[in-house]
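**Student:**
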Amino acid sequence: MTKIIDLASSKSQSAKLSPSASLAAMSANMPDSIAWHRWLLPLQGAMAVNQPPLDRQAIEAELESYATGKTPVDRTKLLSCLRTHLDQAKASLRELFYHSNDGAVYVGMHAWVIDILLQSLYAQTQKQCAGGDELALIAVGGYGRGEMAPFSDIDIMFLMPKKATETHTKFIEFMLYILWDLGLKIGHSTRSIVESIDAANDDQTVLTSLLEMRHVAGDDSMWGKLNRAVQRKITKQKPLAYVEEKLGERDLRHKRFGDTRYVVEPNVKDGKGGLRDLHSLFWIAKYAYRANSIIDIVKKGVLRDGEARKFALAQRFLWTVRCHLHFHADRPEERLDFEAQMIIAPRLGFADRSGLRGVERFMKRYYLAARNVGNLTRIFCAAMETDFRKSLINWRPDFLRTHELDPFHIESGRVRLVDEAWFRDAPVRLIELFAIAQKHDADVHPSTLQRVTRALSALDSKTRDDAQANQLFLDILTSRKNPERVLRLMNESGVFGRFLPDFGRIVAMMQFDMYHSYTVDEHTLKAIGILHGIETGALRQAAPVATEVMPEIGSRRALYVAMLLHDIAKGRGGDHSVLGAEVAVAVCPRLGLSHEETETVSWLILHHLLMSKIAFRYDLNDPQTIEDFASIVQSPERLKLLLVLTVADIRAVGPNIWNGWKAALMRDLYYRCDAVLRGADPAVIALGNAEEARQEAAAKLTDWDAARFAAHAANMPLTYWTGFDSESQVRHARLCDEFANQDALLLIDFKPDPVRRITELTILTIDDPGLFARIAGAVAAAGANIVGARITTCHDGTVLDVFFLQDMKNQAIEDEDELARIRATLERSLTGSLKLEKALLARWQQTPLRVRQMPVPSRVLLSNKISNTHSVIEVNGRDFPGLLHKITLCLAGLGLQIQTATVSTYGERVVDVFYVKDIFGLQIQSETRQQTIRNQLLAVFDDADEEAV
-4 MTKIIDLASS KSQSAKLSPS ASLAAMSANM PDSIAWHRWL LPLQGAMAVN QPPLDRQAIE
56 AELESYATGK TPVDRTKLLS CLRTHLDQAK ASLRELFYHS NDGAVYVGMH AWVIDILLQS
116 LYAQTQKQCA GGDELALIAV GGYGRGEMAP FSDIDIMFLM PKKATETHTK FIEFMLYILW
176 DLGLKIGHST RSIVESIDAA NDDQTVLTSL LEMRHVAGDD SMWGKLNRAV QRKITKQKPL
236 AYVEEKLGER DLRHKRFGDT RYVVEPNVKD GKGGLRDLHS LFWIAKYAYR ANSIIDIVKK
296 GVLRDGEARK FALAQRFLWT VRCHLHFHAD RPEERLDFEA QMIIAPRLGF ADRSGLRGVE
356 RFMKRYYLAA RNVGNLTRIF CAAMETDFRK SLINWRPDFL RTHELDPFHI ESGRVRLVDE
416 AWFRDAPVRL IELFAIAQKH DADVHPSTLQ RVTRALSALD SKTRDDAQAN QLFLDILTSR
476 KNPERVLRLM NESGVFGRFL PDFGRIVAMM QFDMYHSYTV DEHTLKAIGI LHGIETGALR
536 QAAPVATEVM PEIGSRRALY VAMLLHDIAK GRGGDHSVLG AEVAVAVCPR LGLSHEETET
596 VSWLILHHLL MSKIAFRYDL NDPQTIEDFA SIVQSPERLK LLLVLTVADI RAVGPNIWNG
656 WKAALMRDLY YRCDAVLRGA DPAVIALGNA EEARQEAAAK LTDWDAARFA AHAANMPLTY
716 WTGFDSESQV RHARLCDEFA NQDALLLIDF KPDPVRRITE LTILTIDDPG LFARIAGAVA
776 AAGANIVGAR ITTCHDGTVL DVFFLQDMKN QAIEDEDELA RIRATLERSL TGSLKLEKAL
836 LARWQQTPLR VRQMPVPSRV LLSNKISNTH SVIEVNGRDF PGLLHKITLC LAGLGLQIQT
896 ATVSTYGERV VDVFYVKDIF GLQIQSETRQ QTIRNQLLAV FDDADEEAV
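Here the numbering used here is used: position 702 in the sequence shown is 697, and no number is missing along the way.
Have a look at this one:
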């Protein structure tokens, strides 16, 4: 069995070890050909291995017992023997990994296992087939590096003589078939030395694989010749050409995976800041510096000892996460999704603490490791420029150095601190550097970024209170040029969090839900960029009203500071809007804002969720809603500020969050509130709008006479005319006419609206207390989602119900076959022939486990203050298929009539708002009855939670 030694158990022993000695102690009997330990500095708690995880002698002894004379071992027995020993070794490695939580040890030992397996198989194949003495078995790819995650492919190359024979082919085929029968995923190639070099000339990918190749079995001299040929090829080429290509490949890969390391479900291998970025550094070091270990890199002065340790820590952590991912998925999975995060976080010892869930603390650790990878890449680039005297970035023939820039200058479009100046002598320069980059649209030179990273400790409280530093920072934030790029660079380098510690607390902080796509700091930076886009008119088509009012805003500086600080208090264990407003009171004066600006910033942060809450949840046709909102806003200036802030905030949450539907609601709220703030009466606005709507609809129905339209208008309640646009009202009038002239008691109509990303479903039928519930259930059973609803009960006892639908990708449903399926499901549900509960249970069981088990608290609020005519019920909880059906069924059972319903979905969380009356058409005033309603609605979520377990 494998023997493990915990070096951390003896502090005195580990303290005396030099890096080289420690590495030797860690590797113990592991063969030098395994590269993993040479790139891992000694870390506290590292595990030293004294025995191989797979016993080759035991394998050969067992096989010998099967042999009879000179007859080779039977293929079936060979396969059975290798499978048994391999399964035992893998089980032992898995047990060791769960005990140690050390992916660095696992990937090296796994590669060692495969080495021993291949060596044993190669030896047995030589007994079965001729030709093995003339071949060499070479490990390439991740296996060549000595990195083997649990389900990694095994990349090998058979190195052949100049002329391959049939004997060689049979030898290779015998080995491969055994490996395939063992269930291993083999990536293989067969080449001669000349073919290998030719392939490397044609394809940098092949050259990279040759950089990390290792000899495993077969002719050692042939392997040596190939290795020398590769080294000669490298010597003849310019290092930077290879480096530039590798960095170019990295940039393309980043774009495929979102071009940010702060996505909430990152790709551990190929995402920005992932293992592949570390591999790129490994290849660069091997190619440019002929380095075979991290210690070689330290000796050459590319990295300092502390930076090398960060490399090792990041690598070790990422390896550990990747191994957990593979074991969790039981396959080669690289995406760290929510379900995996919930499983892995406690396995790595992350528990809830200080306002953050354990899973959020785990992901913060992941993002910080990913950021360290980015910092190391910049340091490598700086070293390359210094050592090889050529820019890694597109060179521009410009050089700017004036007295104004001293001690900086700009060369090739990048700001650089002169060699004789130091950040530690004047830490304000750490802010000045980025201010110059912002002013001159320049990048920052990699060597200067390297110096920034090494001087961060000099940025102390004295610098934070420095008036010049704060003015420079405010100039960056409020620049007429997009500040997002430079602020992100400040964040990546660590300067942002050091200069503004409150921002440092949200760096790499994830929000563990399925609504937000980025970490809090990344979301904030994107929001600032979107705010700039609104100001410049770049988002005029997507946000026309916000773009229109932006030039009218007088408190521009306050708006940008509020955008920076709006989520600053997340993760503090309370309402982040309230806490953030308090942080603003302390931070704004330091940045140089006036008392009035500070008050405005604090108010905006306190209410930064208000406008979206009102627009997306409540009935904007209710005068009380507009009046209450206006009483909080109080001024047209604040209304404009809140509109622009809200639009930028929502758009920065993630792709596809903002849409035409939300934009229309925001516009409606803005214009109604603006009219009230300028002196209009909300009730008068509603009545005036109703009359205008009736007249506009009548004018558009040119084929209707006055009497015909008057009869239709008299059948519709007043709230109908303020609840729909003119185009919809004309369409409804024609549908009502069609319904009145048909024999059937049901009419269903669909109108896709791709711009607003909704499909409008209109149903005309006879009123029924359980009608809403059956419609909601049918839509859910058909695989669609209801995102909004407006119920109109006509004076003749019929209902005109309008539902706004989206597909599972939050898009309008346009496919005719899909709409036909929804229609058929609705008809079956409304006629009673569809068993909804069975259909909804099937959809619930198809919901991913990670969604069903996301921790979402349930809450029910009931208010008679939001509306003068209705009781407003707000239901919060975990979304699931058929939720709206169950809630509306519950409301019907309680004898409540639904007038309007709004459904807002935030990832796995839903907020449903219903305007209801009792059977007498009144608000629910009884406290006892209100509590009954709350209890029964909460029971809907309790039942779903039990089903999810």
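Glycine included, every Cβ here is placed at the ideal spot set by N, Cα and C. Predicted, not measured: the structure shown is a model, and the values here were computed from it.
Over what stretch of residues does the beta strand (DSSP E) that includes residue 609 continue unbroken?
**Tutor:** Locating residue 609 in the sequence shown gives position 614, where the first residue counts as 1. Premise fails: residue 609 lies in the alpha helix (DSSP H), 605 to 612, not in any beta strand (DSSP E).
**Student:** Would you kindly report the start and end of the unbroken beta strand (DSSP E) that includes residue 896?
**Tutor:** In the sequence shown, counting from the first residue as 1, residue 896 sits at position 901. Segment 892 to 901, the beta strand (DSSP E) holding residue 896.
**Student:** Only counting the same chain, and skipping five residues up and downstream in sequence, which positions put a Cβ closer than 6 Å to that of residue 515?
**Tutor:** Stepping through the sequence shown from its first residue, residue 515 is reached at position 520. The answer, listed in chain order, is 501, 504, 562, 565.
**Student:** Whole angstroms are fine: how far does the CA of residue 105 sit from the CA of residue 85?
**Tutor:** Counting from 1 along the sequence shown, the entry for residue 85 is found at position 90. Counting from 1 along the sequence shown, the entry for residue 105 is found at position 110. Rounded to the nearest angstrom, the two C-alpha atoms are 8 Å apart.
**Student:** Grouping DSSP H, G and I as helix and E and B as strand, with all else coil, what is residue 36?
**Tutor:** As a working mapping, residue 36 is identified with position 41 in the sequence shown. Confidence at residue 36 is low in this model, with a pLDDT of 44, below 50, so its placement is unreliable and the value that follows should be read with caution. Three-state DSSP puts residue 36 in coil, outside helix and strand.
**Student:** Give the range of the beta strand (DSSP E) segment to which residue 744 is assigned.
**Tutor:** Walking along the sequence shown from the start, residue 744 turns up at place 749. Per DSSP, residue 744 belongs to the beta strand (DSSP E) from 741 to 748.
**Student:** Does residue 915 pass the burial test, meaning 16 or more other C-beta atoms within 10 Å, or should it be called exposed?
**Tutor:** By one-based count along the sequence shown, residue 915 stands at place 920. Residue 915 comes out exposed.
**Student:** Indicate whether residue 284 and residue 237 have their beta-carbon atoms separated by less than 8 Å.
**Tutor:** The residue you call residue 284 lines up with position 289 of the sequence shown. The residue you call residue 237 lines up with position 242 of the sequence shown. No, the pair does not count as a contact, with Cβ atoms beyond the cut-off.
**Student:** Which partner residues of residue 96 appear in the DSSP bridge assignment?
**Tutor:** Taking the first residue of the sequence shown as position 1, residue 96 is located at position 101. Paired residues: none, contrary to the question.
**Student:** Using 8 Å as the threshold, is the C-beta distance between residue 575 and residue 469 below it?
**Tutor:** As a first step, residue 575 must be located in the sequence shown, where it is residue number 580. As a first step, residue 469 must be located in the sequence shown, where it is residue number 474. In this structure, residue 469 does not lie closer than 8 Å to residue 575 by Cβ.
**Student:** Which stretch, first to last residue, makes up the alpha helix (DSSP H) that contains residue 245?
**Tutor:** For the purposes of this step, residue 245 is taken as the residue at position 250 of the sequence shown. Where residue 245 is concerned, the enclosing alpha helix (DSSP H) stretches over 234 to 251.
**Student:** DSSP on residue 389, reduced to helix/strand/coil?
**Tutor:** For the purposes of this step, residue 389 is taken as residue 394 along the sequence shown, with counting starting at 1. No answer about residue 389 holds up, because its pLDDT of 46 lies below 50 and its placement is not dependable.
**Student:** Nearest by alpha-carbon distance to residue 714: which of 791, 614, 780, 577 is it?
**Tutor:** Looking up residue 714 in the sequence shown gives position 719. Closest by alpha carbon: 614.
**Student:** So, at 8 Å on beta carbons, what are the nonlocal neighbours of residue 610 in its own chain, with the 5 sequence-adjacent residues on each side left out?
**Tutor:** Counting from 1 along the sequence shown, the entry for residue 610 is found at position 615. Hits under 8 Å: 657, 660, 661, 663, 664.
**Student:** Out of 68, 412, 119, 150, point me to the one whose CA is closest to residue 425's CA.
**Tutor:** For the purposes of this step, residue 425 is taken as residue 430 along the sequence shown, with counting starting at 1. Comparing Cα positions, the closest option is 412.
**Student:** Counting only C-beta atoms, is residue 804 closer than 8 Å to chain B at any point?
**Tutor:** Reference to chain B is not applicable here, since this structure consists of a single protein chain.
**Student:** Would you check if the segment 667 to 687 and the segment 768 to 783 touch, i.e. whether three or more CB-CB distances between them fall below 8 Å?
**Tutor:** Taking 8 Å as the limit for Cβ pairs, the verdict is that the segment 667 to 687 does not touch the segment 768 to 783.
**Student:** Thinking C-alpha only, which one of 569, 518, 761 is nearest residue 351?
**Tutor:** Translated into the one-based positions of the sequence shown, residue 351 becomes position 356. Closest by alpha carbon: 569.
**Student:** Relative to the C-alpha of residue 473, which residue among 518, 531, 871, 488 is closest?
**Tutor:** For the purposes of this step, residue 473 is taken as residue 478 along the sequence shown, with counting starting at 1. Residue 531 is the option with its Cα nearest to residue 473.
**Student:** Going by the DSSP bridge assignment, what does residue 63 pair with across the sheet?
**Tutor:** Start at 1 with the first residue of the sequence shown, and residue 63 comes out as number 68. Residue 63 is bridged to 66.
**Student:** Taking 8 Å as the cut-off, does the segment 762 to 774 touch the segment 731 to 746 (at least 3 CB pairs, one atom from each stretch)?
**Tutor:** At 8 Å Cβ cutoff, the stretches do not touch.
**Student:** Between the Cα of residue 191 and the Cα atoms of 168, 178, 217, 173, which residue gives the shortest distance?
**Tutor:** As a working mapping, residue 191 is identified with position 196 in the sequence shown. Checked all of 168, 178, 217, 173; the closest Cα to residue 191 is 217.
**Student:** Can you tell me the Cα-Cα spacing of residue 57 and residue 111, whole angstroms?
**Tutor:** Taking the sequence shown and counting its residues from 1, one reaches residue 57 at position 62. Taking the sequence shown and counting its residues from 1, one reaches residue 111 at position 116. Near 15 Å, if we compare the C-alpha coordinates of residue 111 and residue 57.
**Student:** Relative to the C-alpha of residue 761, which residue among 792, 749, 744, 787 is closest?
**Tutor:** In the sequence shown, counting from the first residue as 1, residue 761 sits at position 766. Closest by alpha carbon: 792.
**Student:** What residue range does the beta strand (DSSP E) around residue 155 cover?
**Tutor:** The residue labelled residue 155 in the question sits at position 160 within the sequence shown. From DSSP, the beta strand (DSSP E) with residue 155 extends over 149 to 155.
**Student:** Taking the straight line between their C-alpha atoms, what separation do you get for residue 50 and residue 498?
**Tutor:** Numbered from 1 along the sequence shown, position 55 holds the residue referred to as residue 50. Numbered from 1 along the sequence shown, position 503 holds the residue referred to as residue 498. Distance between the alpha carbons of residue 50 and residue 498: 53 Å.
**Student:** Which of the three DSSP states is assigned to residue 936 in this structure?
**Tutor:** Residue numbering aside, residue 936 sits at position 941 when the sequence shown is read from its first letter. In this structure, residue 936 counts as helix in the three-state DSSP scheme.
**Student:** Please name the residue in 721, 919, 696, 159 whose C-alpha comes closest to that of residue 732.
**Tutor:** Numbered from 1 along the sequence shown, position 737 holds the residue referred to as residue 732. Residue 696 is the option with its Cα nearest to residue 732.
**Student:** Three-state secondary structure (DSSP) at residue 404?
**Tutor:** As a first step, residue 404 is located in the sequence shown; it is residue number 409 there, counting from the start. Looking at residue 404 - three-state DSSP - the assignment turns out to be strand.
**Student:** Between which two residues does the alpha helix (DSSP H) containing residue 705 stretch?
**Tutor:** For this step, residue 705 is matched to residue 710 along the sequence shown. From DSSP, the alpha helix (DSSP H) with residue 705 extends over 701 to 710.
**Student:** Does the segment 309 to 326 come into contact with the segment 290 to 301, if we say contact requires no fewer than three beta-carbon pairs (one atom in each stretch) closer than 8 Å?
**Tutor:** Flag = no, the segment 309 to 326 and the segment 290 to 301 do not touch.
**Student:** Please classify residue 597 as buried or exposed, where buried requires at least 16 other C-beta atoms within 10 Å of its C-beta.
**Tutor:** On the sequence shown, position 602 is the one that residue 597 refers to. Burial call: buried.
**Student:** So, at 7 Å on beta carbons, what are the nonlocal neighbours of residue 622 in its own chain, with the 5 sequence-adjacent residues on each side left out?
**Tutor:** Mapped onto the sequence shown, residue 622 falls at position 627. Around residue 622: 671, 677.
**Student:** For the segment 911 to 929 against the segment 793 to 808, are there 3 or more C-beta pairs whose distance is under 8 Å?
**Tutor:** Because the criterion of three Cβ pairs below 8 Å is not met, the segment 911 to 929 and the segment 793 to 808 do not touch.
**Student:** Looking at the structure shown, is residue 796 part of a helix, part of a strand, or coil, going by DSSP?
**Tutor:** Reading the sequence shown from its first residue, position 801 is the one you call residue 796. Strand.
**Student:** Kindly indicate which residue of 81, 465, 722 has the alpha-carbon position closest to the one of residue 690.
**Tutor:** Locating residue 690 in the sequence shown gives position 695, where the first residue counts as 1. Closest by alpha carbon: 722.
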